[in-house]
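Notes follow once the structure below has been shown.
There are 2 protein chains.
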Amino acid sequence: MAAPKKESFTEHEQEIADFAKAISHPARVAILSKLAESNMCICGEIVEVLPLSQSTVSQHLNELKKIGLVQGTIDGQKSCYCINWKTLSEKLELLNSFTDKLKTLNKNINQNCC
Amino acid sequence: MAAPKKESFTEHEQEIADFAKAISHPARVAILSKLAESNMCICGEIVEVLPLSQSTVSQHLNELKKIGLVQGTIDGQKSCYCINWKTLSEKLELLNSFTDKLKTLNKNINQNCC
DNA sequence: ATCGTATATCGTAAAAATACGATAGAAGTT
DNA sequence: AACTTCTATCGTATTTTTACGATATACGAT
Numbered sequence: 019m020a021a022p023k024k025e026s027f028t029e030h031e032q033e034i035a036d037f038a039k040a041i042s043h044p045a046r047v048a049i050l051s052k053l054a055e056s057n058m059c060i061c062g063e064i065v066e067v068l069p070l071s072q073s074t075v076s077q078h079l080n081e082l083k084k085i086g087l088v089q090g091t092i093d094g095q096k097s098c099y100c101i102n103w104k105t106l107s108e109k110l111e112l113l114n115s116f117t118d119k120l121k122t123l124n125k126n127i128n129q130n131c132c
Numbered sequence: 019m020a021a022p023k024k025e026s027f028t029e030h031e032q033e034i035a036d037f038a039k040a041i042s043h044p045a046r047v048a049i050l051s052k053l054a055e056s057n058m059c060i061c062g063e064i065v066e067v068l069p070l071s072q073s074t075v076s077q078h079l080n081e082l083k084k085i086g087l088v089q090g091t092i093d094g095q096k097s098c099y100c101i102n103w104k105t106l107s108e109k110l111e112l113l114n115s116f117t118d119k120l121k122t123l124n125k126n127i128n129q130n131c132c
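If you read the protein sequences in the order shown, they are chains A and B.
Taken in order, the first sequence gives residues 19 to 132; the numbers are from the working numbering.
Taken in order, the second sequence gives residues 19 to 132; the numbers are from the working numbering.
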């Protein structure tokens with residue numbers, strides 16, 4: 019049984035995990051790099067620089083879109099993507115404040131335990 | 019065919035993705051919280067606070083250990099875990115310098131494209 | 001020596017992620 | 001109208017992840 023247990027964690031824990039999952043594939047990291055470089059890209063330009071098929075790239079773009087890290091608009095027959103900087107900053111802030119809290123909770127950061 | 023294509027990306031892209039993957043499950047986020055709170059924990063204490071079985075928690079701990087975010091030492095019949103702050107800081111730095119580079123590449127952060 | 005406790009690992013099942021080809025539909029071009 | 005181009009989606013195969021129970025091992029206690 020691999021019943022979904024993710025729901026039994028806190029909203030906060032899930033949010034962090036979801037953001038991390040969005041960038042947990044090198045293709046999606048590469049897509050973000052490419053989009054930052056070019057400010058915006060039509061889908062085909064992204065497909066060109068990735069070693070993946072068009073349909074797979076489309077899927078990865080959709081993952082990034084679902085969580086709000088990128089946004090896409092239809093431009094004629096093409097599809098234009100760009101980074102949603104507001105959301106990206108928010109998610110990063112979420113992760114950073116989490117790790118800051120970790121460090122605060124721990125009093126002896128330099129102490130190697132165990 | 020779902021042949022593994024992850025190898026065709028850069029080392030850097032893979033490193034970022036691997037770190038993200040390590041914290042892409044709420045259980046592992048929760049484990050890090052618990053470890054930071056308590057400075058160090060025996061395995062059983064972690065199992066107690068998570069809604070997962072002992073064997074599943076052991077698996078998650080192993081994921082975190084593989085990438086170096088936590089370290090474990092055997093202490094008698096118990097197993098003692100703690101956060102490896104050095105590695106955690108390094109991985110975070112990796113992610114932050116990546117996103118900083120994204121922002122630098124993009125000249126008009128406030129411009130909503132598309 | 002026997003028993004209980006703690007935990008890693010094995011085996012396995014179910015679910016999710018990854019990848020591609022084929023295709024459909026929309027938008028341009030001739 | 002016929003044709004090409006672009007991209008999202010469908011169907012599907014493979015792999016990976018998630019989860020648990022059972023078990024083996026190691027340690028401590030009796």
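Think of the CB as a built atom: it goes at the ideal place given N, C-alpha and C, for glycine as much as any other residue.
In terms of Cα proximity to Ala20 (chain B), the closest of A:Pro22, A:Ile49 and A:Thr74 is A:Thr74. Residues of chain A whose Cβ lies closer than 7 angstroms to the Cβ of Glu55 (chain B) are, in chain order, Leu123.
With respect to the 7 angstroms criterion, Ala35 (chain B) and Pro22 (chain A) are not classified as neighbours on the basis of their beta carbons. Rounded to whole angstroms, the separation of the alpha carbons of Ile49 (chain A) and Leu79 (chain A) is 8 angstroms. Per DSSP, reduced to three states, the secondary structure at Gln72 (chain B) is helical. For Val75 (chain B), no CB of chain A lies under 7 angstroms from its own CB, so it is not counted at the interface with that chain.
C-alpha of Val47 (chain A) to C-alpha of Thr122 (chain A): approximately 29 angstroms in a straight line. Taking 3 residues as the shortest admissible run, the region 77 to 125 of chain B contains the following complete beta strand (DSSP E) segments, listed from N- to C-terminal end: 88 to 93 and 96 to 101.
In the structure shown, the three-state DSSP call for Ile49 (chain B) is helix. Between Gln89 (chain B) and Lys83 (chain B) the beta-carbon gap is near 7 angstroms, inside 8 angstroms, which marks them as a contact. Taking a beta-carbon distance threshold of 7 angstroms, Pro44 (chain A) counts as an interface residue toward chain B.
Taking a beta-carbon distance threshold of 7 angstroms, Ile64 (chain A) does not count as an interface residue toward chain B. Only exposed fits Glu25 (chain B), as fewer than 16 other CB atoms lie within 10 angstroms of its CB. At a cut-off of 7 angstroms between beta-carbon atoms, Leu110 (chain B) makes contact with chain A. For Lys39 (chain A), a Cβ of chain B is located within less than 7 angstroms of the residue's own Cβ. Within its own chain, no residue has a Cβ closer than 8 angstroms to the Cβ of Glu29 (chain A) once the five positions on either side in sequence are excluded.
Chain A has a Cβ within less than 7 angstroms of the Cβ of Ser26 (chain B).
Residue-level contact check: Leu120 (chain B) touches chain A, since one or more beta carbons of chain A fall below 7 angstroms from its beta carbon.
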